[in-house]
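Peer 1: Residue numbers (full-length UniProt numbering): 1 to 490.
Provided herewith is a single structure, encoded as structure tokens, for subsequent inquiry.
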């Protein structure tokens, strides 16, 4: 049973930790009543000091005799606070991963500004996601980060740039806006009060897909981090520019559906932001199969590969200035018109150009392997047998394929892929994951028409998904990646 008391005298002599706090908020925890005459009472005191710190204080239980107070006000005499500590502030989020349909290098490495605009699809969090919990507290002596359960250095330049930008934006917010928003946020959930930008943060993030294997883990991870910290510190407005400081591709993961990362013209990158082309609900029939060829980390990271290409590939410069603008215009028009054949054809051409640039780089970069090329062959053979484009592919900086199709052809295409890329017997139950789909085995006539030999054990698994929304707040306490002390665990 809990009451709020509005007349309590607190012995300030034993609570130096909360010196300067005015009008404490007192919560009375009562137990062990005996016909209303004997009550054991413990005070839990919370308030905010003049530096923005939220403090919790507790007393030892005290026995009160006599009739129970009928109102919320109780005269309890002097109390000494036994312990006081600052309360951390939590926020935790999920964000989806994305696939880039149009790629490019960077014109500014420090600000992470692109050579050209680009397009991507945000995939659904039900199948692929990064989850991040952030805790801020004045008790923390430094920022800390855990990725997939392993502590990582926070001194990495991109992470520092993102943290700095969030705190800079938070510090610029007018005080009255912060106070007004805190009142609204606290009325919903007291754990989500805004943290002052001076507080250090503990961050824990995890992916439910391989990291560093060409599945855009840095994009979803940094987008999730940017959105989480923005909620924690009360940063509002356009957030994709913050995410871009961690990873260029991350800015596109700040929205759902099909998203364009705009090249921008300003030297400081202020106009190099993400813009949603269509929401995920606009083209619900679109499907994506992720064919995981390798879950190992790449020998050459996408960032390092792009640096080398920008420095040495003349083909990259020609593509950025001549080819991409027209390609992007046609792709956006195809998306808005639900023109899958045109959209898929453009995605394949763009992917092939990316890997041609990798070969034009000195020394050359090899992201695709033999299995990747066999997947490309199968898609083209299938489209030729159907006499129309029913499937497409795109590859990021890695060997894993993203195969595009529609709901109409999804079961047939999935059956075709599973037939020509069969799993190991021990892996058959977990081979096809994600969206529940039936697999229609290809007919003998189609098998003969394709002229394609099965490639057993070439894939680790197939994941079926669809376009999804942007970052989502999680309000499930079980989803915490950090405990009350700001350490990994729940």
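We treat Cβ as the ideally placed atom computed from N, Cα and C, and that holds for glycine.
Just so you know, these numbers come straight off a predicted model, no measurement behind them.
Could you tell me which of 119, 108, 121 and 133 sits nearest to residue 476, measuring between CA atoms?
Peer 2: Closest by alpha carbon: 133.
Peer 1: What residue ranges within the stretch 406-448 form continuous alpha helix (DSSP H) runs of no fewer than 4 residues, ordered along the chain?
Peer 2: Counting only runs of 4 or more, we get 410-420.
Peer 1: Tell me residue 499's beta-bridge partners as DSSP assigns them.
Peer 2: The displayed coordinates of the chain run from 1 to 490. Any statement about residue 499 would go beyond what the structure contains.
Peer 1: Tell me, which residues are paired with residue 289 by DSSP?
Peer 2: Partner(s): 403 and 464.
Peer 1: Could you give the residue range of the alpha helix (DSSP H) that holds residue 314?
Peer 2: 314-318 is the span of the alpha helix (DSSP H), which, as asked, contains residue 314.
Peer 1: Whether or not the stretch 477-486 and the stretch 400-414 are in contact is what I'm after, with contact meaning three or more pairs of Cβ atoms, one per stretch, closer than 8 angstroms; do they touch?
Peer 2: No, the stretch 400-414 is not in contact with the stretch 477-486.
Peer 1: On the CB-based measure, 16 or more other CB atoms within 10 Å of its CB, does residue 448 come out buried or exposed?
Peer 2: Exposed, since its Cβ has fewer than 16 Cβ neighbours within 10 Å.
Peer 1: Have a look at 131, 112, 108 and 117 and flag the residue whose alpha-carbon is nearest the alpha-carbon of residue 478.
Peer 2: Of 131, 112, 108 and 117, the residue nearest in Cα terms is 131.
Peer 1: Report the rounded CA-to-CA distance for residue 260 versus residue 402, giving the unit in angstroms.
Peer 2: Roughly 18 angstroms separates the two Cα atoms.
Peer 1: Determine the burial state of residue 558: buried for a count of at least 16 other Cβ atoms within 10 Å of its Cβ, exposed for fewer.
Peer 2: Outside the shown range of the chain (1 to 490) lies residue 558, about which nothing can therefore be said.
Peer 1: Just to confirm my understanding: we take residue 456, look at its own chain, exclude 5 residues before and 5 after, and list those with CB closer than 6 angstroms. What are they?
Peer 2: Cβ neighbours of residue 456 beyond the five flanking positions: 422.
Peer 1: Is residue 226 helix, strand or coil by DSSP?
Peer 2: Of the three classes helix, strand and coil, the one that applies to residue 226 here is helix, per DSSP.
Peer 1: Report the partner residues of residue 233 according to the DSSP bridge assignment.
Peer 2: Looking at the DSSP assignment, residue 233 forms no beta bridge with any residue, so it has no partner.
Peer 1: Quick check on the DSSP output: what are the complete alpha helix (DSSP H) runs of length 4 or more inside the stretch 238-267, in order along the chain?
Peer 2: The stretch 238-267 contains these whole alpha helix (DSSP H) runs: 240-246.
Peer 1: Tell me the rounded alpha-carbon separation between residue 541 and residue 472.
Peer 2: Here the chain comprises residues numbered 1 to 490, so residue 541 is not present and cannot be evaluated.
Peer 1: Please classify residue 394 as buried or exposed, where buried requires at least 16 neighbouring CB atoms within 10 angstroms.
Peer 2: Residue 394 should be labelled buried.
Peer 1: Between residue 482 and residue 124, which are expected to be in contact by the criterion C-beta below 8 angstroms, what is the C-beta distance as a whole number of angstroms?
Peer 2: Rounded, the Cβ-Cβ distance is 26 angstroms, inconsistent with contact.
Peer 1: Can you check which of these residues, 338, 474 and 469, is closest to residue 122 by C-alpha distance?
Peer 2: Taking only the C-alpha atoms, the option nearest residue 122 is 469.
Peer 1: Count the other CB atoms within 10 Å of the CB of residue 362; is the residue buried (16 or more) or exposed (fewer)?
Peer 2: Result: exposed.
Peer 1: Could you check the C-alpha separation between residue 307 and residue 442 for me, to the nearest Å?
Peer 2: Approximately 43 angstroms between the Cα atoms of the pair.
Peer 1: Pick from 232, 263 and 236: whose alpha carbon is nearest that of residue 112?
Peer 2: Ranking the options by Cα distance to residue 112, first place goes to 263.
Peer 1: Are the Cβ atoms of residue 391 and residue 371 separated by less than 9 angstroms?
Peer 2: Going by C-beta atoms, residue 391 is not nearer than 9 angstroms to residue 371.
Peer 1: Given a threshold of 16 other Cβ atoms within 10 Å of its Cβ, counted over all protein chains shown, does residue 235 qualify as buried or as exposed?
Peer 2: Label assigned to residue 235: buried.
Peer 1: Looking at the unbroken beta strand (DSSP E) that takes in residue 276, where does it start and where does it end?
Peer 2: Its beta strand (DSSP E) spans residues 274-278.
Peer 1: Using 8 angstroms as the cut-off, can you tell me whether the stretch 149-157 makes contact with the stretch 279-297, which would need three or more C-beta pairs spanning the two stretches below that distance?
Peer 2: In short, these stretches do not touch, since the Cβ pair count stays below three.
Peer 1: From the DSSP output, in three-state form, read off residue 300 for me.
Peer 2: Of the three classes helix, strand and coil, the one that applies to residue 300 here is coil, per DSSP.
Peer 1: Grouping DSSP H, G and I as helix and E and B as strand, with all else coil, what is residue 134?
Peer 2: Three-state DSSP puts residue 134 in a strand.
Peer 1: Using the three-state DSSP reduction, which class does residue 455 fall into: helix, strand or coil?
Peer 2: Note: residue 455 maps to coil in three-state DSSP.
Peer 1: Check whether the stretch 296-310 touches the stretch 267-284, counting contact only when three or more Cβ pairs, one atom from each stretch, lie closer than 8 angstroms.
Peer 2: No: fewer than three Cβ pairs fall under 8 angstroms.
Peer 1: Specify, as a first and last residue, the run of the alpha helix (DSSP H) that residue 329 falls within.
Peer 2: Start and end: 324-336.
Peer 1: For residue 188, which of helix, strand or coil comes out of DSSP?
Peer 2: Note that residue 188 scores a pLDDT of 40, beneath 50, so its modelled location is shaky and nothing firm can be said.
Peer 1: Please name the residue in 381, 351 and 380 whose C-alpha comes closest to that of residue 368.
Peer 2: Selected option, being the one with the closest Cα: 351.
Peer 1: What separation, rounded to the nearest whole angstrom, lies between the Cα atoms of residue 267 and residue 208?
Peer 2: Taking the straight line joining both Cα atoms gives about 36 angstroms.
Peer 1: Ordered along the chain, which non-local residues of its own chain (more than five positions away) have a Cβ less than 6 angstroms from that of residue 500?
Peer 2: Shown here, the chain extends from 1 to 490; a query on residue 500 therefore has no answer.
Peer 1: Going by the beta-carbon positions, is the gap between residue 127 and residue 434 smaller than 9 angstroms?
Peer 2: Against a cut-off of 9 angstroms, the Cβ pair of residue 434 and residue 127 comes out as a contact.
Peer 1: To the nearest whole angstrom, what separates the beta carbons of residue 365 and residue 324, a pair I think is in contact under 8 angstroms?
Peer 2: That pair is no contact at about 19 angstroms.
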